[in-house]
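Colleague: All letters in the sequence shown, in the order written, are residues 0 to 531 by numbering that gives the first Met the number 0.
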Amino acid sequence: MSKNFPLQLGNAGQYELSRESLVHIISGNTAIRPVTTPTGKSQETVLSGGLHTYDGWKQFLALHPNVVHLMEFRLGINEAWWFARELQNGVITLRIPRCMFTKTAAAITQQPDNYYKSGYLWKTLFPVTYTEDNIIDAIGEALTNLDRELSDAIRPEKPDGVLYGYAALNDLFTAMRIRVQVRGNQILSAFPAWDQPLTGNNGKPYSHLHSISFMIAESVVDCASFRPEYGPVFQGNRFNVEALLASTPQFIKSRSRNLTSSVDLRNAARSETLMHYAEFATSADLDLIEHYLADYPCAKDPFFVQSGIYRNLIDAIDQWPELLNASQVTENIGECLWVLSYCDGKFNTRRVVDAIVRFLGQALVHTGGLNTLMFKALIGDMITTAIHHNDPTALRDVLAAVASSPCRASLYTEFDLHPFYPFRPDDESDDSEAPESSIQQFNVDHLLEFIAFNLGENYLLGFSKERRLDFARESLDHGDQWRLARDVMAKFAERDFDFLPEVLDLTKLTSQCRWCWRSAQIWRRQVDVGVT
0 MSKNFPLQLG NAGQYELSRE SLVHIISGNT AIRPVTTPTG KSQETVLSGG
50 LHTYDGWKQF LALHPNVVHL MEFRLGINEA WWFARELQNG VITLRIPRCM
100 FTKTAAAITQ QPDNYYKSGY LWKTLFPVTY TEDNIIDAIG EALTNLDREL
150 SDAIRPEKPD GVLYGYAALN DLFTAMRIRV QVRGNQILSA FPAWDQPLTG
200 NNGKPYSHLH SISFMIAESV VDCASFRPEY GPVFQGNRFN VEALLASTPQ
250 FIKSRSRNLT SSVDLRNAAR SETLMHYAEF ATSADLDLIE HYLADYPCAK
300 DPFFVQSGIY RNLIDAIDQW PELLNASQVT ENIGECLWVL SYCDGKFNTR
350 RVVDAIVRFL GQALVHTGGL NTLMFKALIG DMITTAIHHN DPTALRDVLA
400 AVASSPCRAS LYTEFDLHPF YPFRPDDESD DSEAPESSIQ QFNVDHLLEF
450 IAFNLGENYL LGFSKERRLD FARESLDHGD QWRLARDVMA KFAERDFDFL
500 PEVLDLTKLT SQCRWCWRSA QIWRRQVDVG VT
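#1: Run through the DSSP bridge pairs and tell me what A79 is partnered with.
#2: Ignoring anything shorter than 4 residues or poking outside the segment 219-298, list the alpha helix (DSSP H) runs there in chain order.
#3: Spatial neighbours of E588 within its chain, please: CB distance less than 7 Å, with the 5 preceding and 5 following residues excluded, ordered by chain position.
#4: Going by DSSP, what residue range makes up the alpha helix (DSSP H) through S188?
#5: Quick one: what does DSSP say Y163 is sitting in, helix, strand or coil?
#6: Thinking H68 and F82 are a contact (beta carbons under 8 Å), I'd like their distance in whole angstroms, please.
#7: Can you tell me whether S431 is helix, strand or coil according to DSSP?
#8: List the whole-angstrom C-beta distance separating L446 from L372, where the pair is believed to meet the contact cut-off of C-beta under 8 Å.
#9: Pull up the distance between the alpha-carbon of E15 and that of Q185, whole angstroms please.
#10: Since I believe K375 is in contact with T412 (beta carbons under 8 Å), could you give me their beta-carbon distance rounded to a whole number of angstroms?
#11: Judging by CA-CA distance, which residue of G139, D300 and Q249 is the nearest neighbour of Y276?
#12: Does the beta-carbon of G12 have 16 or more other beta-carbons within 10 angstroms, so that it is buried, or is it exposed?
#13: I'd like the list of long-range same chain contacts for L336, defined as Cβ closer than 8 Å, with 5 residues on each side in sequence excluded.
#14: Check the C-beta distance from L460 over to C406 and give it rounded, since I have them as a contact under 8 Å.
#15: Take the Cβ of N53 as the centre, count every other Cβ of all protein chains shown within 10 Å, and call the residue buried at 16 or more, exposed below.
#16: For the 8 Å Cβ check, are there 3 or more pairs between the segment 34-52 and the segment 215-226?
#17: Buried or exposed, going by whether 16 or more other CB atoms sit within 10 Å of the CB of I215?
#18: Taking the straight line between their C-alpha atoms, what separation do you get for A280 and K345?
#19: Excluding the five sequence neighbours on either side, which residues of its own chain have a C-beta within less than 7 Å of the C-beta of S72, listed in chain order?
#20: In whole angstroms, what is the alpha-carbon distance linking L570 and G367?
#21: Can you tell me where the alpha helix (DSSP H) with N28 in it begins and where it stops?
#22: Measure the C-alpha to C-alpha separation of L416 and D495 and round it to an integer number of angstroms.
#23: Near R18, which residues of its chain fall below 6 Å by C-beta distance, leaving aside the five closest residues on each side in sequence?
#24: Taking a contact to mean a Cβ-Cβ separation below 9 Å, would you say E334 touches L273 in this structure?
#25: Taking the straight line between their C-alpha atoms, what separation do you get for Q180 and D159?
#26: So, with DSSP's three-state summary, where would you put Y129?
#27: With distances taken from CA atoms, which of I91, N239 and S1 is nearest W193?
#28: If you run the structure through DSSP and keep just helix, strand and coil, what is G455?
#29: Quick one: Cα of K490 to Cα of F213, how far?
#30: Quick one: is R395 buried, meaning 16 or more other Cβ sit within 10 Å of its Cβ, or exposed?
#31: Do you know whose CA, among N266, P191, A325 and L398, lies nearest N125's CA?
Below is the structure:
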């Protein structure tokens, strides 16, 4: 049905919504920007304001074919990535490259990026199901349910301001807070506010945690429509176990998995085995390792592959030691990087740095907690590798990759181990010289504690610890994920959860290069304001 603009909204119809403002909200305003490429000069369409619907985003995205969803992004092949998460009330948080904005539009967009310098900015969108009429109704409802404490007082001498109101109040879980920007009685723009009501939403549009976290979950908008798999292991979009085994290095497939000794002893023995292999590795051997690390299971989505094998091939894992070893993808990445790092020192190369930068630039993290702990340990080892690498630019390049990495939130997540340390008997002296007690072996109970504490702010406020532990247990009750968790947790050592700012000595970085020191300062700031 046609509409007569301007539309009169508010309790007394005191606010006017023009056709131009509605287009601004739904489709956004664009500008043409000249660009220079290696092949010559051209033009690109960039966002100059507005755009708060998913349909509008998809139309704008069609003008940028080399900007793809994070799930399909490949470093060095695609220009940039985007990511959209749906909250429980239907509001969408959209993460898009800063280069898709004009300079002015980027400056007025919500900028947690001031802390992170990642090159990406956020927008909020109305729910996918909202039509043009739904959006108009929501704005009108918000203007009749204003939050007077949050809203500006609009006066003749100060006509520009921001109003905050509430819409979709008929259902507790659909209620949303809407920000309306006005000049006098003219509505300039309106969109879901950054802070949504605390009604069970899975995450907030603006928080430091969610500004750096891009976990793959059911809340990812259109998650099932993306087909990211590539390479020989996923030819024809089907998993090929023979191809995985063929590409997995032999020193991994032949690995002993005796869990009877302590993890420290096992790691020490494994390091000797890896060193012996690396001492005799040829350039051809290292080429095979690089090819293995560049394929989809290692470079893009290790957890998807590893958990999928446990879900679908658990009987084969029990009967086939080589497959069990090949399925420990994240562990395998760490061992391959160890070998490359050792050989970089021998051959004066930087293979390991290139592999680390590629991984950090595109790897995916899945929700649930286990993948987070796996990546925390792995990325921590990557930084340690860079610190000790023979190339003086290695740490600079790795820290730069961490600063914009879609999986960096795993690194900044802290796992407090102190509740798990054995208590000293009352009659034992608390002598500072005495060796500290240690956790002898990690198991699934440690994972459950971690998951229960990291479910999110709303869960911490709304549920007891026992109930949150129940949620954690339920998260593993499918597809042999208990077995996966047991196998993974058994490989962790305490050093995997060291507080990395203590490992990364900023004073030493000053003598290496000023840029590297600044990168580390940004990195440290992200830890301080991030997930602690």
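Ideal Cβ positions, reconstructed from N, Cα and C, are used throughout, including at glycine.
It should be emphasised that the depicted structure is a prediction, and the values quoted were computed from it without experimental measurement.
Modeller: With the structure as the only source:
#1: DSSP lists V66 as the bridge partner or partners of A79.
#2: 240-246, 249-252, 262-279, 282-293 and 295-298
#3: Lying before the first or after the last residue shown, residue 588 is absent from the chain, which here runs from 0 to 531.
#4: Not the alpha helix (DSSP H): S188 falls in the beta strand (DSSP E), residues Q185 to P191.
#5: strand
#6: 7 Å
#7: Bear in mind that a pLDDT of 49 at S431, under 50, signals an unreliable position, so the number given afterwards is only what the model happens to contain. Correct three-state label for S431: coil.
#8: 7 Å
#9: 5 Å
#10: 6 Å
#11: Q249
#12: exposed
#13: L292, V351, A354, I355, D380, M381 and T384
#14: L460 to C406, Cβ: 27 Å. No contact.
#15: Per the sequence presented here, residue 53 reads as Tyr, with Asn not at that position. Under this definition Y53 is a buried residue.
#16: Result no; under three Cβ-Cβ pairs closer than 8 Å.
#17: Result: buried.
#18: 10 Å
#19: Position check: residue 72 holds Phe in this sequence, whereas Ser was assumed. Excluding residues within five positions, the ones whose Cβ falls inside 7 Å are W80 and Q361.
#20: A query on residue 570 cannot be resolved here, the shown segment of the chain reaching from 0 to 531 and no further.
#21: N28 -> not in any alpha helix (DSSP H); beta strand (DSSP E) instead, spanning N28 to T36.
#22: 11 Å
#23: F4
#24: Yes; because the gap between Cβ atoms is below 9 Å, this pair is in contact.
#25: 8 Å
#26: coil
#27: I91
#28: coil
#29: Looking at the two C-alpha atoms, the distance is approximately 26 Å.
#30: buried
#31: A small correction: the amino acid at residue 125 is Phe; Asn does not occupy that position in the sequence shown. Per the Cα distances, P191.
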